[in-house]
Amino acid sequence: AKKKKTGGEQKYSNFVKENKSFNGESSLPRDQESGKRRKSEPFRRVKDEEIEIDPRLANNSFEAKMGAKGCWGEKASLDLKFTKGKSFRKEKTKKKRGSYRGGQISTSVNSIKFD
499 AKKKKTGGEQ KYSNFVKENK SFNGESSLPR DQESGKRRKS EPFRRVKDEE
549 IEIDPRLANN SFEAKMGAKG CWGEKASLDL KFTKGKSFRK EKTKKKRGSY
599 RGGQISTSVN SIKFD
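Under the numbering used here, the first residue of the sequence shown carries the number 499, and numbering increases by one thereafter.
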């Protein structure tokens, strides 16, 4: 590393400048009025406090669907509900095979009408 002399101090050109505060304080942002550290919060494009969810759309599970009991996908839902990761793919592939009997297929419409 090359040393540069400027006014009695030696500075290294390839090092990051050090923090001049030696009193043990960190470089976290401080609130201007009170001088206390403020808690940083993660960026959220959509804030939970500002939006209101329609109660009909709040629960998207199979059990919340009207008329789900005894329907074609009930057994698959019970099998796959608690499955995660690679085992989910394996179980899903097993359900696609011809030996799977999921129940009677319903032709009812389960859509939600918007105003």
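Using N, Cα and C, we set each Cβ at its ideal position, and we do this for glycine too.
Treat the numbers as computed from the prediction; the structure is a model and nothing was measured.
S585: member of the alpha helix (DSSP H) spanning K584 to K594, first to last residue. By the Cβ rule, the region 542-558 does not count as touching the region 585-592, because fewer than three pairs are nearer than 8 Å. Following the DSSP letters along the chain, one finds K579 in no alpha helix (DSSP H), marked with neither H nor E.
Its chain contains I610 as the residues whose beta carbon lies nearer than 8 Å to that of L555, once the 5 sequence neighbours on both sides are disregarded; these appear in chain order.
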